[in-house]
Amino acid sequence: MPDGSSGAPRQGWLNTADGFFTREAHLAYDWIEDGGSDAHRGLARLHYPLSRRLWAGLEVPFIREIEGETGFGDVGLTTQMMLVESRDLSLNAGIGFEFPTGDDDTAVGFFGPDVFGFVPQINLWTDLGAGVALRGRLSYVLREDEGVDGFAANVALGQTITGAEATPFGQFTYYLSANLFEPEEGSTFFSLTPGIRTRLAGDLFFLAGVEVPVINRSDYFDQRVIAQFVYGF
4 MPDGSSGAPR
14 QGWLNTADGF
24 FTREAHLAYD
34 WIEDGGSDAH
44 RGLARLHYPL
54 SRRLWAGLEV
64 PFIREIEGET
74 GFGDVGLTTQ
84 MMLVESRDLS
94 LNAGIGFEFP
104 TGDDDTAVGF
114 FGPDVFGFVP
124 QINLWTDLGA
134 GVALRGRLSY
144 VLREDEGVDG
154 FAANVALGQT
164 ITGAEATPFG
174 QFTYYLSANL
184 FEPEEGSTFF
194 SLTPGIRTRL
204 AGDLFFLAGV
214 EVPVINRSDY
224 FDQRVIAQFV
234 YGF
């Protein structure tokens, strides 16, 4: 699909959902600060539309480090089906799977525990005008045994202020993403993530953002810094 009628592109942002389908490769890095201790994670992702109506995304945390231990992370697979699509609106539904492939020594704190998870979801994107896009997700997280079940919601609002040709600031977008997780047991998680996205050259993009929990920070983490390169193909 082309950009929205006001120029808002169908593009991925950090820490939010895509109501549309993308064909991209990602390389990302997270730094998590939690009570004075640090954790690090490197991720690779592949997003690929199987048809106009079906899409799959694979996430591989190829390295994670916490408390002096380094290992592999939990692989994620998401499948989605397009429900509604027009120039200014995309709506899809899908299921995410979390596989407990991570090393036991690093399955603590921000990264733990390693358990199987199942995440039914519905995702929205819409062009509101003036290059502004609204997007979001509603989902429910189901995890086995030691994992935490709960309701999750996301909403993000952002504006694209330059054209695609203005590299290295092409399609420059600023946005704010809000995430809520209400567990069946334990404290509520709510965070804000301000972020940016820019086209560096051709189909290569750079994204950066900082996630900050607003409430119950001591139960989760202090902040998470995210950097990501995206290549569309």
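Start counting the sequence shown at 4; every next residue gets the next number (our numbering).
Beta carbons: idealized from backbone N, C-alpha and C, even for Gly.
Cβ atoms of residue j and residue i: under 8 Å apart, would you say?
i: Ala31; j: Leu49; result: no
i: Arg138; j: Ala156; result: no
i: Gly74; j: Asp106; result: yes
i: Ala211; j: Ala230; result: yes
i: Pro5; j: Arg90; result: yes
i: Phe100; j: Phe121; result: yes
i: Gly134; j: Thr104; result: no
i: Thr25; j: Ala59; result: no
Given a threshold of 16 other Cβ atoms within 10 Å of its Cβ, counted over all protein chains shown, does residue i qualify as buried or as exposed?
i: Glu214; result: buried
i: Ser8; result: exposed
i: Gly39; result: exposed
i: Thr219; result: The sequence as given places Asn at residue 219; Thr does not occur at that position. Result: exposed.
i: Asp130; result: buried
i: Ala136; result: buried
i: Phe208; result: buried
i: Leu53; result: exposed
i: Gly79; result: buried
Just curious, the beta strand (DSSP E) that residue i is in, first and last residue?
i: Leu46; result: Ser40 to Pro52
i: Trp16; result: Counting along the chain, Trp16 falls outside any beta strand (DSSP E), and DSSP gives it neither H nor E.
i: Glu72; result: Glu72 to Gly74
What are the residues that DSSP puts in a beta bridge with residue i?
i: Trp58; result: Pro52 and Gln83
i: Ala136; result: Asp130 and Gly161
i: Val233; result: His29 and Phe208
i: Phe154; result: Tyr143 and Glu185
i: Ala96; result: Met84 and Ile125
i: Ser180; result: Ala159 and Thr196
i: Pro5; result: Answer by DSSP bridge pairing: none, since Pro5 is not bridged.
Looking only at its own chain, which residues have a Cβ that is under 6 Å from the Cβ of residue i, when we skip the five neighbours before and after it?
i: Met85; result: Arg56 and Asn95
i: Ala110; result: Pro116 and Asp117
i: Ala28; result: Leu49 and Tyr234
i: Ala181; result: Val158 and Leu195
i: Gly132; result: Ser9
i: Leu183; result: Ala156 and Phe193
For residue i, which residues from the same chain have a beta carbon less than 7 Å from its beta carbon, with the 5 sequence-adjacent residues on both sides left out?
i: Leu127; result: Gly22, Leu94, Arg138 and Gly139
i: Glu88; result: Met4
Might you give, ordered along the chain, the residues of its own chain that have their beta carbon closer than 8 Å to the beta carbon of residue i, omitting 5 neighbours on each side?
i: Arg146; result: Glu101, Val118, Phe119, Gly120, Phe121 and Asp152
i: Phe65; result: Gly45, Leu46, Ala47, Phe75 and Gly76
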